[in-house]
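Numbering (this note's numbering), first residue to last: 24 to 231.
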């Protein structure tokens, strides 16, 4: 009788473990929240046109478009928070351009860029933004770990009350991201590593 009972208990445990493994199997979804195969998910992700983010459950992975568009309800409040943090006055008639650093990751901590090359890159970025909208970008960070390489190149400011993260960058996207907010609160954000041209085009669109 004891042997029968022991065998029964072991059987239940094995079944339970198998069910758990099946239940925890990772599921993959496209940008429209439609389930797809792992191979298709990886194939799309490898193009770098989309990024992957956590899904609705711990075992879900989802693709997301890199460009997002929307509208915030209170640009004046955002202006106020940014002005207080950066100690500079913002022009309410101009778009707000924000370069966002989420913290150190393999993307933004690798490469062979020097201070001089960074200075040139961001100098060109700022010149282009000034040409299309007569404004300057703000450099905002969530976690300053890794920002020492910008010493003497850029001045970074802490995300006030986590507002930029909450409004535009829910997840940690690789390297850095940007968002441009129009005077009316409309915005274009781009998730993850970007080129200068993307920022200029978004700024031009949000300056209309």
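Where is the CB? At the ideal position from N, CA and C, for every residue including glycine.
Three-way DSSP call (helix, strand, coil) for residue i in this model
i	result
residue 214	coil
residue 104	helix
residue 230	coil
residue 44	The predicted position of residue 44 is uncertain, since its pLDDT is 47 and thus under 50; no value can be drawn from it.
8 angstroms contact criterion, which residue i and residue j should meet: CB distance rounded
i	j	result
residue 199	residue 143	With 8 angstroms as the limit, residue 199 and residue 143 do not qualify as a contact, their Cβ atoms being about 17 angstroms apart.
residue 105	residue 161	6 angstroms
residue 190	residue 95	6 angstroms
residue 123	residue 163	5 angstroms
residue 148	residue 219	5 angstroms
residue 7	residue 118	The displayed coordinates of the chain run from 24 to 231. Any statement about residue 7 would go beyond what the structure contains.
residue 182	residue 165	5 angstroms
residue 82	residue 107	Actually they are not in contact, since the Cβ atoms of residue 82 and residue 107 sit about 41 angstroms apart, beyond 8 angstroms.
Cβ pair residue i, residue j closer than 7 angstroms
i	j	result
residue 3	residue 169	The shown model of the chain, from 24 to 231, leaves out residue 3, and the question about it has no answer.
residue 180	residue 125	no
residue 223	residue 146	no
residue 155	residue 226	yes
residue 76	residue 63	no
residue 213	residue 201	yes
residue 51	residue 59	yes
residue 206	residue 116	yes
residue 54	residue 101	no
residue 175	residue 197	no
residue 208	residue 92	no
The alpha helix (DSSP H) enclosing residue i, as first and last residue numbers
i	result
residue 138	138-156
Completely contained alpha helix (DSSP H) runs for the segment 165-205, where each covers 4 or more residues: 186-191
Threshold first: 3 residues or longer. Then list the beta strand (DSSP E) segments lying entirely within the segment 49-114, N to C. 50-52, 73-77, 83-88 and 90-94
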